[in-house]
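*Asks:* Supplied in C-alpha cells, the structure appears directly below.
Protein chains: 2
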Amino acid sequence: MEVTMSSHSLSGVLAPVVTPFKDDFSPDSDKLIAHCRWLLSQDCGLAVFGTNSEANSLSVSERKKLLDDLVEAEIDVSRMMPGTGCCSLTDSIELTRHAVTSGCAGVLMLPPFYYKNIPEEGLYRYFSELIDRVADDRLKIYLYHIPPMATVGIPPLLVEKLLKKYPSTIAGMKDSSGDWNNTKLMLDNFAATGFDVFVGSETFLLENMRNGGAGCISATANVNPAAIAHLFHEWQAPDAKKHQQKLSAIRESFGKTLMIPALKAIVAHYLNDPSWKTLRPPLLQLGTTEEKQLIERLDSHNFDMPGLS
Amino acid sequence: MEVTMSSHSLSGVLAPVVTPFKDDFSPDSDKLIAHCRWLLSQDCGLAVFGTNSEANSLSVSERKKLLDDLVEAEIDVSRMMPGTGCCSLTDSIELTRHAVTSGCAGVLMLPPFYYKNIPEEGLYRYFSELIDRVADDRLKIYLYHIPPMATVGIPPLLVEKLLKKYPSTIAGMKDSSGDWNNTKLMLDNFAATGFDVFVGSETFLLENMRNGGAGCISATANVNPAAIAHLFHEWQAPDAKKHQQKLSAIRESFGKTLMIPALKAIVAHYLNDPSWKTLRPPLLQLGTTEEKQLIERLDSHNFDMPGLS
Numbered sequence: 001m002e003v004t005m006s007s008h009s010l011s012g013v014l015a016p017v018v019t020p021f022k023d024d025f026s027p028d029s030d031k032l033i034a035h036c037r038w039l040l041s042q043d044c045g046l047a048v049f050g051t052n053s054e055a056n057s058l059s060v061s062e063r064k065k066l067l068d069d070l071v072e073a074e075i076d077v078s079r080m081m082p083g084t085g086c087c088s089l090t091d092s093i094e095l096t097r098h099a100v101t102s103g104c105a106g107v108l109m110l111p112p113f114y115y116k117n118i119p120e121e122g123l124y125r126y127f128s129e130l131i132d133r134v135a136d137d138r139l140k141i142y143l144y145h146i147p148p149m150a151t152v153g154i155p156p157l158l159v160e161k162l163l164k165k166y167p168s169t170i171a172g173m174k175d176s177s178g179d180w181n182n183t184k185l186m187l188d189n190f191a192a193t194g195f196d197v198f199v200g201s202e203t204f205l206l207e208n209m210r211n212g213g214a215g216c217i218s219a220t221a222n223v224n225p226a227a228i229a230h231l232f233h234e235w236q237a238p239d240a241k242k243h244q245q246k247l248s249a250i251r252e253s254f255g256k257t258l259m260i261p262a263l264k265a266i267v268a269h270y271l272n273d274p275s276w277k278t279l280r281p282p283l284l285q286l287g288t289t290e291e292k293q294l295i296e297r298l299d300s301h302n303f304d305m306p307g308l309s
Numbered sequence: 310m311e312v313t314m315s316s317h318s319l320s321g322v323l324a325p326v327v328t329p330f331k332d333d334f335s336p337d338s339d340k341l342i343a344h345c346r347w348l349l350s351q352d353c354g355l356a357v358f359g360t361n362s363e364a365n366s367l368s369v370s371e372r373k374k375l376l377d378d379l380v381e382a383e384i385d386v387s388r389m390m391p392g393t394g395c396c397s398l399t400d401s402i403e404l405t406r407h408a409v410t411s412g413c414a415g416v417l418m419l420p421p422f423y424y425k426n427i428p429e430e431g432l433y434r435y436f437s438e439l440i441d442r443v444a445d446d447r448l449k450i451y452l453y454h455i456p457p458m459a460t461v462g463i464p465p466l467l468v469e470k471l472l473k474k475y476p477s478t479i480a481g482m483k484d485s486s487g488d489w490n491n492t493k494l495m496l497d498n499f500a501a502t503g504f505d506v507f508v509g510s511e512t513f514l515l516e517n518m519r520n521g522g523a524g525c526i527s528a529t530a531n532v533n534p535a536a537i538a539h540l541f542h543e544w545q546a547p548d549a550k551k552h553q554q555k556l557s558a559i560r561e562s563f564g565k566t567l568m569i570p571a572l573k574a575i576v577a578h579y580l581n582d583p584s585w586k587t588l589r590p591p592l593l594q595l596g597t598t599e600e601k602q603l604i605e606r607l608d609s610h611n612f613d614m615p616g617l618s
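Given below as C-alpha cells:
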C-alpha cells in the first residue's frame, strides 16, 4: 500500500478546542489559553473555532479577539487550524485573512451552510472568490465536510475542481460525515498528491492512517489527547489495533450524551472548576444525573486527564 | 368564526426584499432603496434581510450599513421588519438592537440554525437572553419558522413559553414550513391573543385570513406585490377565491426554478437592468434558457410590474 507522507505541519491529532465562557456568556480567554497549553503539552494541535468550540455561537469579532489573545499568549500558531467558514462570504474572508496574517498554519473551512441545494458550481465560486480575495500564498485551506451539522457538504467533484485550480492552497479536508466510505473515496482520489485527509473521530484513526490519511480532528481529543496522539505515531506498531479498540471504547462511553456539554462537564470535573460547564445558548449543560453517569462510565475505563491545571 | 384584528402596524403583505449587488458582490444601496420605494408604492411592507434577501450571505456590518442607508433615504421604518436572527447570540443581539434603535416596527428572527437537535429549553434560553439584553420596550419579535432552510424550527411549545414570559415582545411569526396544518395550529393556539401569524407564501393567504391570520411575507411579493396586497384587503369579497387562484397560478409558474435567482431575473427583465441578476456566491443566476422560459410562463398570465423604475 502506498502511503504519502504529508508535507504540512498540521498532520497528527487536533482538538476542536472547547471554548470556556464566563457567567455572562462572554468567552474566557485565560481559560482558553490554559486549555490550549495543556493540549499542546499532550501533543495535540489546535483546531480552535470548530463545531465543538461553539464557534458558530460566536461573532466574527469575538473569534478575532480570541485568536489575538492566543497569539499574544504565544500559543504555537504552527499547530493552529482555526475554523473560518461562515454563511457569509465577507465574514469568511475577514476571518480567513485574520488567521493567515496571524500566522496560523491552516484554516478549517465550512461551506456556506444556510442556503440549501446549492449546485457544486456555486460552492466552487464561493471558495474561489474567497481564495482570490485573500490572495495570500500562505493560505492553506482544509475543507470541512460535516453534513450532519452543516447540511451542506463538500462533494468530491468540488475538491477535484478546487485542487486543480488552487493546488497549493487546498491542503486537505476534515471528514466528519461519519461515513468511512466517503473518507476512503477522498483518500483514494486525492491523498496521493499530498491532500491531507483528517477523520472527524478517532474511531477511524487507524483505518485512516493505513490508507494514507493525515490524522484526526476529534472532539474527544479535548479530553483524551495523549492516547489518541499515541496511536497516530504508533499506527504501524503490532499493538495498534488493540490501542484503537481502547480509544474507541472510551469514545463509545459518551453514549448518547451530547458532545459539547459532555466535553465541558469532563474538563470541569477533572479541573474541579464548575464554571467550565457554561455553554452559550442555545446549547445547554448536562443534567446532574447525566453528568454523573458519564464520569462513572469514563472511570470504568480508568480515564484521566493528567497534567490538567 | 372569530377573527381578531391585529393591533400591530405590520399586518398585511410584506416582501423579503431582494438585495441587489454590484459587480464585486458588494450590496447596492441605491438600487435597494429604489426597490423598497416601489414595493411601498404597491402597498407592500419590507421584510428586508430575509432568506430571499440573501441576508445570510451578508455580514452583520453590511446589514447594519444597508439599514442605515434605507433610514437615511427616509424609507418608512413603520413598514419595516428586518431579519436579525443569526447563528450567534451576540450577532443577533447586535442586529436586533440596531433595528430597534433605527425605529423598525418589528424584527423577523430565525432561531440559531447551526447546531441541530437543540432542546426547546435551549431555544427558549437563547430568545430570552436576547430579549433581556436588548431590553427595549419597542422590540417586537416575529419568530421565523422555516425548517426547509434553517433545519432548526420554532416548535409550538416554544411559542407558548415565550408568549407567557414576553407577551408584549413576541408579536407573531412567519410560518414558511409550507405545511398548512402547522399554520393552523399556530392560528388556533395563539392568534386570538393578538399573535400575528404570517404565511410564507401567498398560496395560503386567503386561508390564513379566514382563520385569523395577519397576512403573508412572500418571496414573490417582490415582483407581484399589488395583486397579493389586493387579496389581503379584499379577502372577504365574493371573488376572493378566484383572486387567490390567480395568485397561486402565477406563483406556480415559477415551477422548479430556484426562487432567489428567479426573482432577480424578473426584476432585471422588467427594469431592463441586467445587473440586477447578480447573486452573491454560493448562489448562482439562472441560465439563459431557464430565464427565458420563466419570463414566457409569466407572460402567459399577462404578468407585469407596473411603475417599476
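Which chain is which? The protein sequence lines are A and B, in order. Residue numbering for the first sequence follows the working numbering, starting at 1 and increasing by one per position. Residue numbering for the second sequence follows the working numbering, starting at 310 and increasing by one per position. Heads up, the beta-carbon is just placed ideally off N, CA and C, and yes, glycines get one too.
1) Can you confirm whether Y435 of chain B, when its beta carbon is compared against all beta carbons of chain A, has any partner nearer than 9 Å?
2) Please confirm whether I250 of chain A and T220 of chain A have their CB atoms less than 9 Å apart.
3) Compare the beta carbon distance of S562 of chain B and F612 of chain B with 9 Å and say whether it is the shorter of the two.
4) Measuring only the C-alpha atoms, how far is N426 of chain B from L284 of chain A?
5) What in chain B is Cβ-close to K116 of chain A, meaning under 9 Å?
6) Chain B beta carbons: is any one of them nearer than 9 Å to that of R280 of chain A?
7) If you measure from the beta carbon of P465 of chain B to each beta carbon in chain A, is any gap under 9 Å?
8) Is it the case that the Cβ atoms of I331 of chain A and I228 of chain A are separated by a distance below 9 Å?
9) Measuring only the C-alpha atoms, how far is G509 of chain B from G255 of chain A?
10) How far does the alpha helix (DSSP H) with D505 of chain B in it reach, from first residue to last?
11) Would you list the residues sitting across from M418 of chain B in a DSSP beta bridge?
12) Decide yes or no for the touch test of the stretch 582 to 598 of chain B against the stretch 324 to 344 of chain B: beta carbon pairs closer than 8 Å, at least 3 of them.
13) Would you please verify whether the beta carbon of G354 of chain B is less than 9 Å from any beta carbon of chain A?
14) Round the Cβ separation of L432 of chain B and P420 of chain B to the nearest angstrom and send it over; I've been treating them as touching at under 8 Å.
15) Just to confirm, are S269 of chain A and E291 of chain A a CB contact at a threshold of 9 Å?
16) Using 8 Å for Cβ pairs, my map puts Y453 of chain B next to G481 of chain B. What's the rounded Cβ distance?
17) Would D179 of chain A count as contacting chain B if we go by Cβ distances under 9 Å?
18) List the residues of chain B whose Cβ lies closer than 7 Å to the Cβ of D332 of chain A, in chain order.
19) Is E160 of chain A close to chain B? Criterion is C-beta to C-beta, closer than 9 Å.
20) Could you tell me the alpha carbon to alpha carbon distance between S6 of chain A and A192 of chain A, rounded to whole angstroms?
21) Using DSSP bridges, identify the partner residues of F303 of chain A.
22) What do you get for A135 of chain A, buried or exposed, if any count of 16 or more other CB atoms within 10 angstroms of its CB means buried?
23) If you run the structure through DSSP and keep just helix, strand and coil, what is V369 of chain B?
24) For a contact meaning CB atoms closer than 9 Å, what does L593 of chain B contact in chain A?
25) So K449 of chain B and T478 of chain B are supposed to be a Cβ contact under 8 Å. How far apart are they, rounded?
26) How far does the alpha helix (DSSP H) with M80 of chain A in it extend, from its first residue to its last?
27) Comparing C-alpha positions only, which one of A:F204, A:N208, A:F113 sits nearest to G153 of chain A?
28) Comparing the C-beta of E438 of chain B with each C-beta of chain A, is any distance below 9 Å?
*Replies:* To lay it out plainly:
1) The sequence position of residue 435 of chain B within the second sequence is 126, counting from 1. Taking 9 Å as the CB threshold, Y435 of chain B lines the interface with chain A.
2) In the first sequence, counting from the first residue as 1, residue 250 of chain A sits at position 250. In the first sequence, counting from the first residue as 1, residue 220 of chain A sits at position 220. For I250 of chain A and T220 of chain A, yes; Cβs fall inside 9 Å.
3) To locate residue 562 of chain B, count along the second sequence from 1; it is residue 253. To locate residue 612 of chain B, count along the second sequence from 1; it is residue 303. The Cβ atoms of S562 of chain B and F612 of chain B sit closer than 9 Å to each other.
4) Taking the second sequence and counting its residues from 1, the one referred to as residue 426 of chain B is at position 117. Taking the first sequence and counting its residues from 1, the one referred to as residue 284 of chain A is at position 284. Rounded to whole angstroms, the gap between the alpha carbons of N426 of chain B and L284 of chain A is 12 Å.
5) Here residue 116 of chain A is taken as the residue at index 116 of the first sequence, counted from 1. Neighbours of K116 of chain A in chain B, taken as residues whose beta carbon is under 9 Å from its own, are P457, M458, T460 in chain order.
6) As a first step, residue 280 of chain A is located in the first sequence; it is residue number 280 there, counting from the start. Interface flag for R280 of chain A against chain B is set, since a Cβ pair is found closer than 9 Å.
7) Indexing the second sequence from 1 puts residue 465 of chain B at position 156. By this cut-off, P465 of chain B is not an interface position.
8) In the structure as shown, chain A starts at 1 and stops at 309, and residue 331 of chain A therefore has no counterpart that could be examined.
9) Walking along the second sequence from the start, residue 509 of chain B turns up at place 200. Walking along the first sequence from the start, residue 255 of chain A turns up at place 255. Answer to the nearest angstrom: the Cα atoms are 39 Å apart.
10) As a first step, residue 505 of chain B must be located in the second sequence, where it is residue number 196. Residue range 505 to 508 is occupied by the beta strand (DSSP E) that includes D505 of chain B, with no alpha helix (DSSP H) assigned at that position.
11) As a first step, residue 418 of chain B must be located in the second sequence, where it is residue number 109. Under DSSP, M418 of chain B takes part in a beta bridge, and its partners are B:L452.
12) With the rule of 3 Cβ pairs closer than 8 Å, the stretch 582 to 598 of chain B counts as touching the stretch 324 to 344 of chain B.
13) For this step, residue 354 of chain B is matched to residue 45 along the second sequence. Cβ-Cβ to chain A under 9 Å: no for G354 of chain B.
14) Position 123 of the second sequence, counted from the start, is the residue given in the question as residue 432 of chain B. Position 111 of the second sequence, counted from the start, is the residue given in the question as residue 420 of chain B. The beta carbons of L432 of chain B and P420 of chain B sit about 6 Å from each other, so the pair counts as a contact at 8 Å.
15) Mapped onto the first sequence, residue 269 of chain A falls at position 269. Mapped onto the first sequence, residue 291 of chain A falls at position 291. Checking the sequence, you will find His at residue 269 of chain A rather than Ser. A contact, by the Cβ cut-off of 9 Å.
16) Translated into the one-based positions of the second sequence, residue 453 of chain B becomes position 144. Translated into the one-based positions of the second sequence, residue 481 of chain B becomes position 172. 10 Å between Cβ atoms; not a contact.
17) Taking the first residue of the first sequence as 1, we reach residue 179 of chain A at position 179. False, the Cβ-Cβ gap to chain B never drops below 9 Å.
18) Shown here, chain A extends from 1 to 309; a query on residue 332 of chain A therefore has no answer.
19) Reading the first sequence from its first residue, position 160 is the one you call residue 160 of chain A. No - not a single Cβ of chain B is within 9 Å of the one on E160 of chain A.
20) For the purposes of this step, residue 6 of chain A is taken as the residue at position 6 of the first sequence. For the purposes of this step, residue 192 of chain A is taken as the residue at position 192 of the first sequence. Residue confidence is low: S6 of chain A scores 45 on pLDDT, short of 50, so the model does not pin down where it sits. No coordinate-derived value is stated.
21) Residue mapping note: residue 303 of chain A aligns to position 303 of the first sequence, counting from 1. Beta-bridge pairing links F303 of chain A to no other residue.
22) Stepping through the first sequence from its first residue, residue 135 of chain A is reached at position 135. So A135 of chain A ends up on the exposed side.
23) The residue given as residue 369 of chain B occupies position 60 in the second sequence. In this structure, V369 of chain B counts as helix in the three-state DSSP scheme.
24) Start at 1 with the first residue of the second sequence, and residue 593 of chain B comes out as number 284. Within chain A, the residues near L593 of chain B are I118, P119, E121, G122, R125.
25) Locating residue 449 of chain B in the second sequence gives position 140, counting from the first residue. Locating residue 478 of chain B in the second sequence gives position 169, counting from the first residue. Confirmed, about 7 Å.
26) For this step, residue 80 of chain A is matched to residue 80 along the first sequence. For M80 of chain A, there is no enclosing alpha helix (DSSP H), as DSSP marks it with neither H nor E.
27) Here residue 153 of chain A refers to the residue found at position 153 of the first sequence. When only C-alpha atoms are compared, the closest one is A:F113.
28) The count along the second sequence starts at 1 and reaches residue 438 of chain B at position 129. The Cβ of E438 of chain B sits closer than 9 Å to at least one Cβ of chain A.
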